[in-house]
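Numbering-wise (the numbering used here), the sequence shown opens with residue 3 and increments by one.
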Amino acid sequence: MNKVSYFIVNAFTTELYKGNPAAVCLLDSTIPESIMQKIAQEIPVPTTAFVQRKDNHFFLRWFTPAKEIPICGHGTVASAFLLWKQGIVPINSSVIFQTVSGPLQANWFNELVEITIQKYQLEENECPLELEEWLGVKPTYVGKTELDYIVELSHEEYIADFKADFQAMKQFPVRGVCITSRSKDEGIDIVSRFFSPAQGIDEDHVNGSTHGALGPYWCAKLSKESIVSKQLSKRGGLLYVTPKIKDVAIAGSAVQVLSGEIII
């Protein structure tokens, strides 16, 4: 009877039961993709990450309960955090993950996990009628990346109080919709929420990859080199975002909440 060790790590938080939880499975050997998908359906978290070491390289894949996904910021943060905390990688060493989206590097500094993600080109769009109806308010800005709609609203209250119609989102030609605004709190620059039922996640507790567009957009608008971003989901989370020339660095805390084994 074979078993896989797994750990639940909450990313982008220092608190138990906050942030975005990911299951991280440490694989001693390759298992079928179909088994990975079944494990992701069995463990009740938004994303399950699978890490396998081969010849001093770490290979990383991410699955939601519905499907494999090409990128997952919080799953990467959780995986790197676990490798350091388990002593698999020295805490002063970088971790480079080989993924379907290319190499992803993670670094540890000041009790934060920093990862470098793709910078997404954001193109301003006319707001489609179905999107404006879905929002219920007139947006300040609508942009589109290769993955998502990025929508700026005028007040933080709109972000906090927004109730998404997930059924209506099925007609949108995107992975998801991110709504964002300036923050009213000192020390926080922006707030956002992210909805992606197409990935099997109605609302992501904390989404890292959208900051590949949010970071450059807001840094340019606020004339800042980096921003502090707060996710206004029920669990919440905090990200430190620094756009660079070719990519974007996002950093956050993480905390392990449980561990176990699953029979395969």
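By construction, the Cβ of each residue, glycine as well, lies at the ideal position given by its N, Cα and C atoms.
CB contact flag (residue i, residue j, <8 Å)
| i | j | result |
| --- | --- | --- |
| Ala25 | Val115 | no |
| Ala80 | Ile117 | no |
| Trp86 | Gly77 | no |
| Phe52 | Leu29 | yes |
| Asp167 | Pro48 | no |
| Leu234 | Arg184 | no |
| Ala13 | Gly262 | no |
Buried versus exposed, by CB contacts within 10 Å (16 or more), residue i
| i | result |
| --- | --- |
| Tyr19 | exposed |
| Asp187 | exposed |
| Ser36 | exposed |
| Ile198 | The residue you asked about is not Ile; residue 198 is Ser in the sequence shown. Counting Cβ neighbours within 10 Å, Ser198 comes out buried, since at least 16 surround it. |
| Ala162 | exposed |
| Val179 | buried |
| Thr15 | buried |
| Glu154 | buried |
Residue i - DSSP class collapsed to helix/strand/coil
| i | result |
| --- | --- |
| Tyr160 | helix |
| Tyr19 | coil |
| Gln201 | helix |
| Lys56 | strand |
| Gln123 | coil |
| Glu154 | strand |
| Gln258 | strand |
| Cys180 | strand |
Beta-bridge partners of residue i, as assigned by DSSP
| i | result |
| --- | --- |
| Thr244 | Ala251 |
| Asp111 | Here residue 111 is Phe; the residue named in the question, Asp, does not match the sequence. Answer is Leu114. |
| Tyr143 | Glu154 |
Anticipated Cβ contact below 8 Å, residue i with residue j, distance rounded
| i | j | result |
| --- | --- | --- |
| Ala215 | Ile119 | Not a contact, Cβ separation roughly 10 Å. |
| Lys232 | Leu240 | 6 Å |
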